[in-house]
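With the first letter of the sequence shown counted as 1, position 267 gets the number 1526 in our numbering; the numbers rise by one all the way through. From the three backbone atoms N, C-alpha and C, an ideal C-beta is built for every residue, glycine too.
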Amino acid sequence: MAEVFVVGSINQDFVLQVERRPEPGETVTDAELALFPGGKGANQAIAAARLEAEVAILGRVGEDTFGAGLVKNLRDNNVDTSHVEAIRETPTGSAFITVTPDGENAIVVSPGANRRFGADEVEAAAGELREARVLVAQLEVQVEAVEAAAHIVSSNGGRFLFNTAPPRDVSEELLQLCDPLVVNQHEAAFLLGDDIRNPEETARKLLDLGPSSVVVTLGAAGVVLAAGDSTRRFSAPEVEAVDTTGAGDAFVGALAAKLAADTPLEEAVPYAVLAGAFAVTRSGAQGSLPSPDDVEKLSGAGPAR
């Protein structure tokens, strides 16, 4: 049985390396195109598996060439795909990503088959979900699927790691099941209806929404962890950024792997910071995900603290 169970998206990524993004009505030429396997769910599942966790994923792909290749890629990366199905007459989800020379990305997603499963499909996997130590979910899939999985895992003593990306409206009841809630600055601002000025204060405000713990990721500035009466900032090592696309998913996958191994949250978070930092030094979401050795080597560059 999987110790980390992911309910999430499986996408084909189309990555364009551009000197700059076009203005409205403008065409920019000379972009370099590369295709990579992606989807937040798949990325986070592989990130956890690469760090030696036993991982399964529940998701959907289209009955097309992209879908078949993405499922094979998950299996090749030691992720259990027994709860992944191909849907007829619905394309595999796709993400269109522009990356500028400084490594920053902007993403547009066409969800396709990722929106074709809900609570009933989650119930079909209830047996495996009850055995999971950590459930990981994001919001590139239907909220009702996330809610169903969260209730199953939480009611059986598992931990719910919820990454509200991309930001969408969710219920207070769902937020109250999180331990932790993981958000970046954009997602935090969406949940609070306000811009971030002080990350520590933001983390405390998010904690007031009901989750047992909150992690706010700040890119190169590290992360803030709030739990109980404690709020801590963990800095990130300095690295040369190539592509930031996979950083958040590397962080979430590493955090899930450590929590599944019973690592305390305050120790799992700085480890995940290192995993996220490593990911920005490589191109592509999944191609950038680190092994345990990669994280260990990076820790010598000035570990998160």
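Backbone secondary structure at residue i - three-state DSSP
i, result
"Ser1414", "helix"
"Ala1479", "helix"
"Ser1558", "helix"
"Asn1373", "helix"
"Arg1491", "strand"
"Leu1440", "strand"
"Gln1435", "coil"
"Asn1296", "Rather than Asn, the amino acid found at residue 1296 in this sequence is Pro. It is a strand residue."
"Gln1276", "strand"
"Leu1388", "helix"
"Leu1466", "helix"
"Gln1271", "strand"
"Gly1505", "coil"
"Ile1455", "coil"
"Asn1337", "coil"
"Val1330", "helix"
"Gly1546", "coil"
"Arg1564", "Note that Arg1564 scores a pLDDT of 44, beneath 50, so its modelled location is shaky and nothing firm can be said."
"Glu1348", "coil"
"Glu1291", "strand"
"Pro1362", "The amino acid at residue 1362 is misidentified as Pro; the sequence shows Gly. Three-state result, Gly1362: coil."
Distance between residue j and residue i (C-alpha atoms, nearest Å)
i, j, result
"Leu1292", "Gly1535", "24 Å"
"Val1412", "Val1265", "11 Å"
"Thr1503", "Gly1371", "24 Å"
"Pro1562", "Val1320", "Residue confidence is low: Pro1562 scores 43 on pLDDT, short of 50, so the model does not pin down where it sits. No coordinate-derived value is stated."
"Gln1397", "Leu1466", "18 Å"
"Pro1523", "Val1539", "25 Å"
"Ser1341", "Gly1546", "23 Å"
"Gly1377", "Val1368", "19 Å"
"Thr1324", "Val1274", "18 Å"
"Leu1420", "Glu1390", "15 Å"
"Ala1506", "Glu1499", "13 Å"
"Asn1337", "Ile1366", "27 Å"
"Thr1359", "Asp1289", "13 Å"
"Phe1537", "Thr1461", "26 Å"
"Gly1267", "Asn1364", "21 Å"
"Ile1455", "Val1475", "11 Å"
"Arg1541", "Ala1519", "26 Å"
"Ala1527", "Leu1468", "23 Å"
Buried or exposed by the 16-neighbour rule on C-beta atoms within 10 Å, applied to residue i
i, result
"Ser1472", "buried"
"Ser1353", "buried"
"Pro1529", "buried"
"Arg1279", "exposed"
"Val1395", "buried"
"Asp1552", "exposed"
"Thr1357", "buried"
"Lys1556", "exposed"
"Gly1386", "exposed"
"Pro1283", "exposed"
"Ala1404", "buried"
"Glu1380", "buried"
"Lys1299", "buried"
Contact belief for residue i with residue j at Cβ below 8 Å, rounded distance in angstroms
i, j, result
"Leu1433", "Glu1406", "6 Å"
"Thr1490", "Leu1450", "Rounded, the Cβ-Cβ distance is 17 Å, inconsistent with contact."
"Val1263", "Ala1307", "5 Å"
"Leu1329", "Thr1351", "7 Å"
Candidates the options: closest to residue i by CA position
i, options, result
"Ala1448", "Pro1426, Ile1316, Ala1315", "Pro1426"
"Asp1428", "Gly1452, Ala1506, Glu1311, Asn1332", "Gly1452"
"Lys1517", "Thr1476, Arg1309, Leu1477, Leu1436", "Arg1309"
"Arg1392", "Ala1385, Ala1408, Gly1416", "Gly1416"
"Thr1349", "Leu1468, Asp1454, Arg1375, Ala1327", "Arg1375"
"Leu1533", "Leu1294, Thr1286, Glu1497, Gln1303", "Glu1497"
"Leu1436", "Glu1285, Asn1443, Asp1454, Ser1414", "Ser1414"
"Ala1261", "Ala1384, Glu1380, Arg1463, Ala1544", "Ala1384"
"Pro1439", "His1410, Pro1470, Val1483, Glu1446", "Pro1470"
"Leu1333", "Asn1270, Ala1409, Ala1485, Glu1285", "Asn1270"
"Ala1513", "Asn1302, Glu1285, Val1287, Asp1272", "Asn1302"
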